[in-house]
Amino acid sequence: MAAYTVTTPLCAWLVAACMSVGCEREKSRSSSISPSITWGSRWSRKKRGVGIVASKCNNLISEGFITSFCGSSIHEWMSSCLPFEPCDEYYISNGFSSMPLFGDLGLFGSKSLNATRKQKRISRAIPSGKAMAVAVKPAVEVTPTVKPLMKEKRVVVTGMGVVTPLGHDPNVFYRNLLEGATGISEIETFDCASFPTRIAGEIKSFSTDGWITPKLSKRMDKFMLYMLTAGKKALADGGIPEDSMNEIDKTRCGVLIGSAMGGMKVFNDGIEALRVSYKKMNPFCVPFATTNMGSAILAMDLGWMGPNYSISTACATSNFCILNAANHIIRGEADMMLCGGSDATIIPIGLGGFVACRALSQRNNDPAKASRPWDSSRDGFVMGEGAGVLLLEELEHALRRGANIYAEFLGGSITCDAYHMTEPHPEGAGVILCIEKALADAGLSREDINYINAHATSTPMGDLKEYQALIHCFGHNPELKVNSSKSMIGHLLGAAGAVEAVATVQAIQTGWIHPNINLENPDEGMDTNVLASCLIQPSAQQVADHIRTMGFLHLRLSGSKALQISFCSRAWHVARERSVGYLT
């Protein structure tokens, strides 16, 4: 047999097969692909057969089979295969074959396959990113698109809606707060005689007439009923009745209303029904128990197609929702957002859970005096229920439609103690950090804040550490006043932040600060000039300023904090002059 000549198709096939394996093996060792995912490693794991073919080729060569059959030069030719040299070019130049062995026109090509089968075959054959890199055309250079600089959007509050133990209208609700009324009384929803705590801020009278259809009202959990009602009331208060909904761009309107506990009543009823049979269960048990379903149903009812989801961060739920809703508007993703929170947990499992935590007051003989933030005789918080919803809107959008503007959102912050599941940080580190970051985000100084509606739940340790953090941040301001709406409505959990935000907006609007009821003997070292133990009437200077700023903080189990700072104005062309803060 003449040197460098392959005389039979069998020889050509044997050489081609062995050489292709050898070349690919060399390529895999020299590849510059990331070492974490190499062609060789992936191929050796998934295609063990190649290694077998290669070893058998070497055995055949070493045993002389191919040499004796095809010629003595075969071993020399195969051992000289260069890395990355195309096999076809090598075979032809060295006399293995006079025609290509691979490719669409080669002896072992896939010219007989149709396009679909060929693609499937290629897909099966590609073992890694390296093989893909060989087959794909060079990437076309793409010039990144630079977004034009946009004027920062301003966010304002144009509507408010509440469902609370002290009323279901923002004005009625705040009037009751100013009068020092209490919404805390004995629980009537169920028999709680066996519980050590038998009091709560329970909603005694509530109707969905005109807001929710009777069919839905019968199926939904109370937290959803409160949420939908408060949301629609906020829209009506913002001058957007349902019959004028088509006048706005619904694709730029969203809903972000959260819940700390979700549909506990629906879920508990499902458990009780399951004791009889799964056939007795409410088919809406699962969806109506989830915390996000209220936001979803409200959006479906209104046809709002913008951002829609729910955040659940225990007592800070509302603040997280308000902050995120405002950011959607600031980023230009929405023109209007309904945001806030809702909870209805005054049922046996809810009451029992907090009793087990030893978190509740047991002052059953005098419910009106049970919630007493900062008082030395406080013995735990009082559960409440309800919902609060704010209508946030982009300023220019609100001005174009002639909306009544209550307040402007200036900034916010979220931090975490990273300390304990229920106890506050002993030095108030998370609260202080949250306040400082929120002030920086809002562009305000500590001296700008002179009113705070605090979180203060009436727990022994929580009230003390919060007060110390507030004094650390704002104590040098002689005008600072601090109060807590929870002394009259209890702790509304996921709804607390939004309901107390409504109370603070009302304080800004009227200039009247409601009292801390039941604050008879403050803890040692607490400044009674700071804690508002009585109704505070605005001074003539406060009324003349027209512009005030507020902030609110909310704390939750596991130590997360959320602080929002907003301001309210009656004259938008006047620069900011006064600030009021509230921490709820």
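According to mature numbering (1 follows the signal peptide of the UniProt record, and there is no 0), the sequence shown holds residues -23 to -1, 1 to 561 in order.
Quick reminder that beta carbons are idealized off the backbone N, C-alpha and C, glycines included.
Taking all protein chains shown into account, decide if His305 is buried (16 or more other Cβ within 10 angstroms of its Cβ) or exposed. Taking the sequence shown and counting its residues from 1, the one referred to as residue 305 is at position 328. Burial call: buried.
Does the beta-carbon of Asn223 have 16 or more other beta-carbons within 10 angstroms, so that it is buried, or is it exposed? If you number the sequence shown from 1, residue 223 lands on position 246. With fewer than 16 other Cβ atoms within 10 Å, it is exposed.
Using a Cβ-Cβ cutoff of less than 6 Å, which residues in the same chain neighbour Ser319 once the five nearest sequence positions on both sides are dropped? Translated into positions along the sequence shown, residue 319 becomes position 342. The residues are Phe200, Tyr203, Met204, Ser236, Ala364 and Ala472.
May I ask you to report which of helix, strand or coil DSSP gives Glu404? Indexing the sequence shown from 1 puts residue 404 at position 427. Coil at Glu404, not helix or strand.
Residues of its chain near Ile288, where Cβ-Cβ distance is below 8 Å and the 5 sequence neighbours each way are ignored: Walking along the sequence shown from the start, residue 288 turns up at place 311. For Ile288, where only same-chain residues beyond five positions count, the Cβ hits under 8 Å are Leu233, Gly235, Thr294, Phe297, Cys298 and Asn301.
Inspect the beta-carbon positions of His374 and Leu155 and report whether they are closer than 9 Å. Walking along the sequence shown from the start, residue 374 turns up at place 397. Walking along the sequence shown from the start, residue 155 turns up at place 178. No. Outside cutoff.
Is Gln518 buried or exposed, if buried means 16 or more other CB atoms sit within 10 Å of its CB? Counting from one through the sequence shown, the residue named residue 518 turns up at place 541. Note that Gln518 scores 47 on pLDDT, short of 50, meaning its location in the model is unreliable and no value can be drawn from it.
Could you check the C-alpha separation between His432 and Ser254 for me, to the nearest Å? To locate residue 432, count along the sequence shown from 1; it is residue 455. To locate residue 254, count along the sequence shown from 1; it is residue 277. Spanning the two alpha carbons is a distance of roughly 43 Å.
Am I right that Val476 and Gly138 are in contact with their C-beta atoms under 8 Å? What's the rounded C-beta distance? To locate residue 476, count along the sequence shown from 1; it is residue 499. To locate residue 138, count along the sequence shown from 1; it is residue 161. 10 Å between Cβ atoms; not a contact.
Complete beta strand (DSSP E) runs within the region 343 to 411 (minimum length 3 residues, chain order): 363 to 371 and 384 to 393
Spatial neighbours of Leu457 within its chain, please: C-beta separation below 6 Å, excluding the five flanking residues on both sides. Here residue 457 refers to the residue found at position 480 when the sequence shown is read from its first residue. Once the five neighbours on either side are set aside, the close Cβ partners of Leu457 are Asn427, Phe451 and Val507.
When the Cβ atoms of the region 213 to 227 are set against those of the region 262 to 272, are three or more pairs found closer than 8 Å? no
With respect to the beta strand (DSSP E) encompassing Asp320, which residues constitute its N-terminal and C-terminal limits? Position 343 of the sequence shown, counted from the first residue, corresponds to residue 320. Unbroken beta strand (DSSP E) run through Asp320: Met313 to Asp320.
Would you say the region 433 to 443 touches the region 453 to 469, given that touching needs at least three Cβ pairs under 8 Å? yes
Go through the region 204 to 247 residue by residue and report every complete run of the alpha helix (DSSP H) that reaches 4 residues or more, in order. none
Less than 9 Å separating the beta-carbons of Asn245 and Pro325? Position 268 of the sequence shown holds residue 245. Position 348 of the sequence shown holds residue 325. Taking 9 Å as the Cβ cut-off, Asn245 and Pro325 qualify as a contacting pair.
So Gly160 packs on Thr141, CB below 8 Å; how close in whole Å? For the purposes of this step, residue 160 is taken as residue 183 along the sequence shown, with counting starting at 1. For the purposes of this step, residue 141 is taken as residue 164 along the sequence shown, with counting starting at 1. Indeed, because the Cβ distance is near 7 Å, the residues count as touching under 8 Å.
Assuming the contact rule is C-beta atoms closer than 8 Å, Gly231 and Pro284 should be a hit. Round their C-beta distance to whole Å, please. In the sequence shown, counting from the first residue as 1, residue 231 sits at position 254. In the sequence shown, counting from the first residue as 1, residue 284 sits at position 307. Indeed, because the Cβ distance is near 4 Å, the residues count as touching under 8 Å.
Cutting at 6 Å between CB atoms, please list the residues of its own chain near Gly405, excluding the five before and the five after it. In the sequence shown, residue 405 corresponds to position 428, counting from 1. So the qualifying residues of the chain are Lys442, Gln445 and Ala446.
Can you look up Val149 in the DSSP assignment and give me helix, strand or coil? To locate residue 149, count along the sequence shown from 1; it is residue 172. Reduced to three states, the DSSP call for Val149 is helix.
Which two residues bound the contiguous alpha helix (DSSP H) that contains Val253? Numbered from 1 along the sequence shown, position 276 holds the residue referred to as residue 253. From DSSP, Val253 is part of no alpha helix (DSSP H); its letter is neither H nor E.
DSSP beta-bridge partners of Lys458: Mapped onto the sequence shown, residue 458 falls at position 481. Note: Lys458 sits in a beta bridge opposite Tyr428.
Rounded to a whole number of angstroms, what is the C-alpha to C-alpha distance between Asp522 and Tyr383? Position 545 of the sequence shown holds residue 522. Position 406 of the sequence shown holds residue 383. Legend: pLDDT at Asp522 = 45, less than 50; position of this residue unreliable, no value from coordinates given.
Can you tell me which of Ile391, Ala211, Ala291 and Gln486 puts its alpha carbon nearest to the alpha carbon of Trp188? In the sequence shown, the residue the question calls residue 188 occupies position 211. Among Ile391, Ala211, Ala291 and Gln486, the Cα nearest to that of Trp188 is on Ala211.
Among the candidates Pro344, Pro350, Ser338 and Glu370, whose CA atom is the shortest distance from the CA of Lys130? Numbered from its first residue, the sequence shown carries residue 130 at position 153. Looking at the Cα atoms, Glu370 is the closest of the given residues.
I'd like the list of long-range same chain contacts for Asn259, defined as Cβ closer than 8 Å, with 5 residues on each side in sequence excluded. Counting from one through the sequence shown, the residue named residue 259 turns up at place 282. Closer than 8 Å at the Cβ level, and outside the excluded window around Asn259, lie Arg196, Val243, Asp246, Gly247, Ala250 and Phe265.
Between Asn430, Arg377, Met438 and Ala380, which has its C-alpha nearest Glu400's C-alpha? As a first step, residue 400 is located in the sequence shown; it is residue number 423 there, counting from the start. Of Asn430, Arg377, Met438 and Ala380, the residue nearest in Cα terms is Met438.
Taking C-alpha atoms, which residue in Leu387, Thr505, Phe183 and His402 lies nearest to Ile307? Counting from one through the sequence shown, the residue named residue 307 turns up at place 330. Checked all of Leu387, Thr505, Phe183 and His402; the closest Cα to Ile307 is Leu387.
C-alpha distance - Leu410 paired with Thr392, whole-angstrom precision: Against the sequence shown, residue 410 aligns to sequence position 433. Against the sequence shown, residue 392 aligns to sequence position 415. About 7 Å.
Residue of Val359, Cys292 and Ile323 minimising C-alpha distance to Arg335: Your numbering for residue 335 matches position 358 in the sequence shown. Of the listed residues, the one whose Cα sits closest to Arg335 is Val359.
Exposed or buried, which one is Ser390 when buried takes at least 16 other CB atoms within 10 Å? The residue labelled residue 390 in the question sits at position 413 within the sequence shown. Per the 10 Å Cβ criterion, buried.
Quick check on this structure: which residue in Val133, Val132 and Gln339 has the alpha carbon closest to the alpha carbon of Arg355? In the sequence shown, residue 355 corresponds to position 378, counting from 1. For Arg355, the nearest C-alpha among the options comes from Gln339.
Count the other CB atoms, across all protein chains shown, that sit within 10 Å of the CB of Thr481; report buried if there are 16 or more and exposed otherwise. Counting from one through the sequence shown, the residue named residue 481 turns up at place 504. Counting Cβ neighbours within 10 Å, Thr481 comes out buried, since at least 16 surround it.
CA-CA distance, Ser194 and Asp504? The count along the sequence shown starts at 1 and reaches residue 194 at position 217. The count along the sequence shown starts at 1 and reaches residue 504 at position 527. Between Ser194 and Asp504, the C-alpha separation is close to 47 Å.
Asn495 versus Ala509, Gly488, Ala484 and Gln483, residue with shortest Cα-Cα distance: The residue labelled residue 495 in the question sits at position 518 within the sequence shown. Selected option, being the one with the closest Cα: Ala509.
List the endpoints of the continuous beta strand (DSSP E) containing Gly138. Here residue 138 is taken as the residue at index 161 of the sequence shown, counted from 1. Val132 to Val140 is the span of the beta strand (DSSP E), which, as asked, contains Gly138.
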